[in-house]
Structures are given as C-alpha cells and as structure tokens.
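Participant:
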Amino acid sequence: MPTLDRAGLQVDAELAAFVEQEAMAGLGLDAKEFWRGAAELLGWAALRGRELLAVRDDLQARIDAWHEARQGAPHDPEETRRFLTEIGYLVPEPGPFTVGTTNVDPEVATLAGPQLVVPSLNARFVLNAANARWGSLYDALYGTDALGDVPPAGPYDAARGARVVARAKAFLDEAVPLAKGSWAKLRDPHQNGIALADPSQYIGETERGRMFRHHGLHVEVIFDGAHPIGASDPAGIADVVLEAALSTIVDLEDSVAAVDAADKTTAYRNWLGLMRGDLSETFDKGGKSLTRELAPDRTVIGPDGTTVTLPGRSLLFVRNVGHLMTTPAVLLPDGSEAPEGALDAIVTALCAMHDLRGLGIFRNSRAGSIYVVKPKMHGPDECAFTNDLFDRVEDLLRLDRHTIKVGVMDEERRTSANLAACIHAVRDRIVFINTGFLDRTGDEIHTCMRGGPVVRKAEMKSSAWIAAYEARNVAIGLACGLGGRAQIGKGMWAAPDRMAEMLDQKAAQPKTGANTAWVPSPTAATLHALHYHQVDVFALRDQIAARAIPSLDDLLTPPLAVGRDWSKAEVIEEIENNCQGLLGYVVRWIDQGVGCSKVPDIHDVGLMEDRATLRISSQHLANWLMHGVCTRDQVEAALLKMAAKVDAQNAGDPLYRPMATDPHASLAFQAARALVFEGAAQPNGYTEPLLHRFRREAKANA
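Residues 1 to 702 (this note's numbering) are what the sequence shown spells out, left to right.
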C-alpha cells in the first residue's frame with residue numbers, strides 16, 4: 001500500500017486523503033499542524049501503551065506462579081485479597097466521590113431504554129440501527145415469535161393480526177391508561193376525544209396520530225382509517241409506534257474485521273457520514289433498488305399549539321479499540337505500527353467535530369459532546385491513560401476539556417475488582433459503564449488459567465463471581481453518582497429469532513437499576529422497550545443504592561471445577577460445542593471479513609456473535625487442555641467434525657469456502673486451531689493478534 005510522509009509518520013495514502021479531504025473539510029484546521037500534533041500524540045501513546053501492557057504481563061505472570069504453587073488448595077478469600085493487593089492488582093478504594101460529568105444528553109443521563117451495537121463497516125446496518133429510535137410495535141409482534149409462535153408463511157394472516165392488535169392495546173392500557181374503559185373499546189377518537197387517566201401523558205398531535213409519554217419514553221398511536229389495518233379497527237388505529245433504541249454504539253472493535261488501512265478508512269467514512277448526516281446506502285431488495293438514509297426528526301404540535309421536536313435517530317456512540325492492538329494504517333518514525341486505539345480517538349473525534357459545529361444535516365449530541373466507548377481496559381491506570389489520551393486529542397483539535405466523553409466497558413477482571421477507582425480515573429468525562437458476559441468470562445478463565453480446570457461454560461452464568469460482577473456494576477456506579485449523569489448498562493440478548501424468550505427474561509435487566517441493555521436488532525429494540533414501560537428504572541434506584549455493595553470476595557472466587565469428574569461424553573460434548581462456536585464465527589471473519597452476524601450454534605439456533613465469542617471458547621479449551629481434561633487429539637477430532645457441520649450450515653452461502661474438505665488449506669480452520677492451541681499464550685487471552693494475522697493473509701491471497 002502506498003504511504004505518504006506526514007510529520008515523520010508514514011500514513012496510508014487512502015487514509016491520508018480521507019482525513020485531509022473529507023474529515024477536515026470545513027473545519028478550518030491546518031493539515032500540517034494537525035499531523036505534527038498527531039505524530040507527537042501517537043508517539044506518546046505508543047510508549048505509554050507499551051508500559052501498561054508490560055504491567056498486564058507482569059501481573060499475569062505473578063498470578064500464574066501463585067496458582068501453580070497452590071494447585072489443589074482450597075480457595076481462601078483472605079489470602080487471595082492479600083496476594084492481589086501485594087502485587088498491585090488490587091488498588092486502594094478512592095474515598096466517596098461523585099462524578100463531575102456535564103453536558104450529557106438525556107438519552108444517556110435521564111432516560112432508560114434499549115441500546116444497539118452495530119458494526120461500523122456495514123453502512124446499511126449502521127443506518128438501520130441509527131433509525132431504530134422508533135419502531136412499529138405491530139410489526140415487531142407480528143413478524144417474530146413474541147406472541148409465542150412464528151407468523152405463518154404467505155399473505156397477511158387476519159387472526160394473527162387480531163392477536164397483535166389485542167396485545168398492543170393491552171400495552172396501551174398499561175402504559176397510557178384511559179380515564180374510563182380500555183383502548184380496545186375506544187371508538188372514533190376524532191369525535192369523542194381521548195381522555196387519559198393522567199392527562200400529562202399527552203404530548204400532542206403528529207402528522208399521523210397522537211403522541212404520548214410514559215417513563216420518559218414516547219408512544220405514538222397512528223390513526224388512519226384508510227390503512228388496511230386502521231380500516232378494520234373501531235378507533236381507526238393503524239399502528240402503535242414506540243420510542244425504542246435511545247442510543248446506538250457504532251462499533252470499530254469486536255463486531256468488525258478491520259485489519260488494515262482500507263478497512264479502517266471505510267469505518268471512519270461511515271462514522272463521518274453519520275456525523276454529517278449524509279450517509280446513505282443503495283441496495284437491491286426483492287428485485288427493487290432501495291436507498292436508505294438517516295430518518296428526520298419528528299414534529300409534534302402540543303396542546304397549546306407550540307411545536308415540539310423529537311429526535312428521529314438514536315444518540316450515537318462510537319466504540320474505539322482497546323489499548324492492545326496496533327495498525328499498519330500509520331507507521332511511526334521508527335517503522336513500528338501506531339497504536340490503533342489512539343488513531344481511533346483522533347480520527348473519530350475529528351469526524352464528530354462536524355456534529356459539534358452544526359455542519360451536518362442533523363444533530364447527534366444536542367448537549368455538545370462526543371461519545372466514545374473504550375473497551376478492554378485493565379484497571380484504573382489504563383482508565384487514566386484513556387483520560388490523558390482524550391485530553392491530548394481535545395488539545396490537538398482545540399476542543400474544550402471533557403468534550404469527549406467516555407464509556408467504560410467493565411469486561412476485564414481487574415477493572416471489575418477496582419471499578420470505583422476506574423470510574424474515579426475518568427470521573428469528569430464518564431457517561432457509561434456496562435457489563436459483558438463473554439469477554440469478562442474469557443478474562444476470568446485466562447486469569448485463573450493455571451489454577452485448575454474451570455467449570456463448563458453453561459455453569460459459568462451461575463457462578464458466584466458473575467452474580468457479584470453484575471450486581472457490583474450497578475451498585476458501584478450508583479455510589480459514584482452515575483445516576484442522572486451516565487448510563488449503567490447490561491449485556492446483549494444474542495438470539496434475535498427468540499423474542500418470546502427475550503420478553504420473558506430481559507425484563508430482569510432494568511429491574512437491576514440499569515438504564516440500558518444491548519439488543520441484537522431494531523425489532524428487538526422495539527420489543528425490549530416494553531420492559532422500560534413495565535419498570536420505572538429511576539424509581540427503583542433509591543432502593544438499590546441503599547443496599548450494600550456485593551462482596552469483593554465473591555467476585556474474586558475463581559470458577560474452578562474443584563473435585564469435578566466429568567464423563568467422557570460430557571467432555572466431548574463441551575469440546576464440540578466450543579469448536580463449533582469457534583469455527584462458525586472464525587470462518588466468516590477470516591474468509592469474508594464479517595465481524596458480526598447471526599451464526600448458527602451447535603443446535604442450529606442463530607446467535608448474534610462477535611469476537612468475544614472466540615475469547616471464551618478458545619480460553620475454555622486452552623484451560624482444559626492445560627489441565628488434562630481433554631487431549632489435543634480429542635480437540636483436533638472435534639475441530640474436523642465441527643468443520644463439516646459448519647460447512648453444512650453455510651451450504652446456501654455462495655461466498656462460503658468449505659473447511660472440512662481441505663482443512664490444511666483453509667486459513668479459517670488454521671486460525672481456529674491457533675486460537676485454541678496458542679490460547680494460553682495470547683495476551684490476556686485476546687483473539688485479535690491471531691485473527692488479524694490470518695485475515696491479512698486471506699486478503700493478500702484474494
């Protein structure tokens with residue numbers, strides 16, 4: 001790839017052209033001054049990042065030695081805390097404090113609702129997610145199994161439609177009750193009007209109907225007697241539209257396969273299009289050419305005749321990569337790759353300046369902030385490094401201090417164990433903490449890798465440490481004053497085709513006091529919004545904040561299978577489950593560059609998977625291999641058997657390259673093998689170094 005010299009940096013020519021001709025356009029920044037500042041910043045970030053990664057390695061080496069010396073000994077909470085404190089893994093708790101974050105949009109600070117995560121490389125998906133602020137409840141109920149069964153094939157089914165209408169009107173009775181009677185018995189509201197039990201819930205008239213509000217979320221009832229649905233409805237109701245995905249994370253990390261400058265530039269360009277409001281995508285669907293663009297804001301005429309404008313799109317975050325990876329898109333003066341996370345911080349903030357200055361068609365942050373999610377930080381020193389990094393980016397771009405806000409992913413064990421100190425390190429810019437089961441479990445396994453074999457994956461969810469992890473995240477966040485200033489979030493529902501189960505289970509997340517949780521699709525966001533009407537999250541928080549913070553000892557209890565003796569059949573079942581999950585995801589990542597998609601599991605259930613899937617599966621297998629629970633031959637056999645299964649599951653994909661017919665020639669198959677057999681040696685059990693190596697080779701071969 002050709003490069004251009006920029007202040008001693010060797011910058012990929014495509015990326016340099018994007019930055020100078022697109023991202024900087026209209027901002028009044030001097031390109032030479034920008035690159036001089038960027039070179040200095042990247043050099044500093046590379047040096048500091050290497051120092052912090054060395055600390056990670058040193059801590060892990062000490063923990064490994066400690067576990068090896070204690071193998072077979074029972075877990076001792078007091079001894080564990082003492083050891084982790086001595087080596088600096090645990091740091092002193094900060095005194096009581098309240099975060100000082102200001103200029104935060106209500107979607108983050110004072111509202112509760114669903115959140116989407118979408119791969120930045122796919123413009124169509126990005127637009128769908130951004131437009132998922134509003135969703136049809138009728139469509140979500142009709143087109144999924146939310147009612148307990150799937151819709152029949154063929155034309156519209158009137159009986160199912162009647163069930164949908166009944167369910168939607170029952171929701172209206174719960175969220176926006178009438179003064180008398182029910183929505184099911186409402187007749188001709190244009191003549192008789194709509195009298196609410198609480199008149200303050202009425203916001204006003206829209207172009208198509210009437211707008212109401214409950215628990216801070218808007219509900220639009222569409223009246224259209226000419227519509228096929230409205231024509232058969234006694235009140236002429238054609239649809240119920242819910243305010244759904246309040247926020248969306250545009251992801252440059254786990255859900256994308258971005259391994260070089262071309263990939264990074266595509267991701268940055270899509271983010272810039274969102275910030276300018278001019279991103280669009282044309283595609284074929286059903287033989288027709290369609291163009292997708294960002295949805296406009298919504299206008300409501302209030303009871304007093306004043307106009308109220310409601311956002312038409314999700315509030316957008318951007319997730320940068322963590323501190324580990326480097327990128328060939330920019331080479332430092334010594335020829336080494338630049339730290340990818342620092343490059344992300346510079347370029348994504350540069351793009352977001354178009355929104356800050358009001359240069360685009362729409363506004364993203366009406367409070368004047370840039371929202372960046374920072375993943376995979378290990379402890380407060382790494383959070384402080386992010387804070388310093390954002391300080392320097394703000395100085396480079398002449399932004400006010402703390403314009404760039406940070407979301408801290410609580411997905412590494414050392415961050416969980418020191419969460420208050422991590423929040424304190426970014427206390428004036430934090431807007432988000434979130435739990436993530438898969439990455440957090442992967443790091444848990446890697447940390448106790450040499451302590452003994454871990455329990456089976458399915459048992460992890462009932463482990464003492466994970467219950468403490470989920471509860472501590474909310475309790476500590478509230479104790480640090482995140483309420484009213486930041487999101488406290490929960491993880492993903494991974495099965496997009498199982499909405500009935502989601503409706504049954506995911507209601508538990510807002511009941512914890514979390515004011516957002518991740519969902520896999522716009523349709524899922526519409527259905528998950530129902531939970532935030534059922535639960536008044538902010539009313540619960542006083543009760544939750546009064547409870548004691550769950551024990552650190554529980555959090556530090558490793559999920560070791562003490563005294564467990566599995567049968568050969570159980571071992572093979574677990575190996576095959578892990579291998580199928582690895583191969584099903586890796587083959588798309590390596591061969592097609594797809595970082596997130598619906599991947600069939602071993603039981604052919606479609607799950608939305610990203611890179612965290614690989615971390616837990618590869619670490620689990622590496623742990624069992626290390627402790628002799630399974631053998632290398634058993635894993636090799638399972639990989640071959642599951643390669644054939646994954647090939648069959650993908651038989652309808654014309655772009656798919658089979659693995660089982662010639663596994664030695666399949667880079668995807670070899671990548672899966674490396675993830676397992678080199679898993680114990682990978683830094684913190686991360687999959688990125690190996691995936692990037694094999695994906696770059698696949699792109700070179702193509």
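Each residue gets a CB set at the ideal place from its N, CA and C atoms; glycine is no exception. Everything numeric in this text was worked out from a predicted model, so none of it was measured.
Output yes or no for whether 7 Å exceeds the beta carbon distance between R187 and P228.
Facilitator: It is not a contact, given that the beta carbons lie outside the stated cut-off.
Participant: Go ahead and label T441 buried or exposed: buried means 16 or more other beta carbons lie within 10 angstroms of its beta carbon, across all protein chains shown.
Facilitator: By the 10 Å Cβ count, T441 comes out buried.
Participant: Around the C-beta of V330, are 16 or more other C-beta atoms found within 10 angstroms, so that it is buried, or is it exposed?
Facilitator: When all chains shown are included, V330 counts as buried.
Participant: Go ahead and pull the three-state DSSP assignment for T512.
Facilitator: Coil, per DSSP.
Participant: Ignore the nearest five residues each way along the sequence and tell me which others in A545's own chain have a CB closer than 6 Å to its CB.
Facilitator: L478, listed in sequence order.
Participant: Quick one: Cα of A112 to Cα of W134, how far?
Facilitator: Between A112 and W134, the C-alpha separation is close to 14 Å.
Participant: Applying the criterion that 16 or more other CB atoms from any shown protein chain within 10 Å of the CB defines a buried residue, is R82 buried or exposed?
Facilitator: Classification of R82: exposed, given that the 10 Å Cβ count is below 16.
Participant: Between which two residues does the alpha helix (DSSP H) carrying T80 extend?
Facilitator: That run of the alpha helix (DSSP H) goes P77 to E86.
Participant: Can you give the beta carbon distance from A45 to P339, rounded, assuming they're within the 8 Å contact cut?
Facilitator: So it is a contact: roughly 5 Å between Cβ atoms.
Participant: Could you please give me the residues that DSSP links to M211 through a beta bridge?
Facilitator: G204 and E220, per the DSSP bridge assignment.
Participant: With DSSP run on the structure shown, which of helix, strand or coil describes W749?
Facilitator: What the structure shows of the chain is the stretch from 1 to 702, and residue 749 is not part of that stretch, so it cannot be assessed.
Participant: As an exercise, report each continuous beta strand (DSSP E) stretch of at least 3 residues that is fully enclosed by the segment 306 to 343, in chain order.
Facilitator: Within the segment 306 to 343, the complete beta strand (DSSP E) runs of at least 3 residues are 307 to 310, 315 to 319, 326 to 331 and 337 to 339.
Participant: I think L555 touches S336, with their Cβ atoms under 8 Å apart; what is that distance to the nearest whole Å?
Facilitator: Between S336 and L555 the Cβ distance is about 37 Å, and since that is not below 8 Å, they are no contact.
Participant: Can C579 and M502 be called in contact, C-beta distance under 7 Å?
Facilitator: Cβ atoms of C579 and M502: not closer than 7 Å.
Participant: To test your reading of the DSSP string, which unbroken alpha helix (DSSP H) runs of 4 or more residues are found completely within the segment 218 to 266?
Facilitator: Runs of the alpha helix (DSSP H) inside the segment 218 to 266: 228 to 231.
Participant: Looking at W465 and T557, is the spacing between their C-beta atoms short of 7 Å?
Facilitator: Cβ distance < 7 Å, so T557 and W465 count as in contact.
Participant: Let me confirm a value: D58 is counted as buried when at least 16 other C-beta atoms fall within 10 Å, else exposed. Which label applies?
Facilitator: Per the 10 Å Cβ criterion, exposed.
Participant: Can you grab the Cα-Cα spacing for the pair E253 / T435, in whole Å?
Facilitator: Taking the straight line joining both Cα atoms gives about 16 Å.
Participant: Please state whether the Cβ-Cβ distance between L640 and V676 is less than 7 Å.
Facilitator: No, Cβ-Cβ distance for L640 and V676 is not below 7 Å.
Participant: Return the CA-CA distance between R213 and A674, expressed in angstroms with no decimal places.
Facilitator: So the alpha carbons of these two residues sit roughly 52 Å apart.
Participant: Using 7 Å as the threshold, is the C-beta distance between F317 and V373 below it?
Facilitator: Taking 7 Å as the Cβ cut-off, F317 and V373 qualify as a contacting pair.
Participant: Whole-angstrom Cβ separation of R657 and D591, contact assumed at under 8 Å?
Facilitator: Confirmed, about 5 Å.
Participant: Figure out for me which residue from A17, S136, A158 and V164 has the closest Cα to the Cα of G148.
Facilitator: It is V164.
Participant: Report yes or no: do the segment 526 to 539 and the segment 96 to 109 share at least 3 C-beta pairs separated by less than 8 Å?
Facilitator: Output reads no: the segment 96 to 109 does not touch the segment 526 to 539.
Participant: Between which two residues does the beta strand (DSSP E) containing P119 stretch?
Facilitator: Element bounds for P119: Q115 to P119.
Participant: Distance check for V594 and R615, CA to CA, integer angstroms please.
Facilitator: Roughly 17 Å between the two C-alpha positions.
Participant: Report the residue from L324, A159 and F125 whose alpha carbon sits nearest the alpha carbon of T291.
Facilitator: Nearest C-alpha to T291: F125.
Participant: What's the C-alpha gap between Q71 and Q619?
Facilitator: Cα-Cα distance, rounded: 19 Å.
Participant: Thinking C-alpha only, which one of A16, K568, R36 and V99 is nearest I433?
Facilitator: Checked all of A16, K568, R36 and V99; the closest Cα to I433 is V99.
Participant: Using the rule of at least 16 other Cβ atoms within 10 Å of the residue's Cβ for burial, across every protein chain shown, is Y156 buried or exposed?
Facilitator: With fewer than 16 Cβ atoms within 10 Å of its Cβ, Y156 is classed as exposed.
Participant: Between P689 and D662, what straight-line distance do the alpha-carbon atoms span, to the nearest angstrom?
Facilitator: Each residue's alpha carbon lies about 24 Å from the other.
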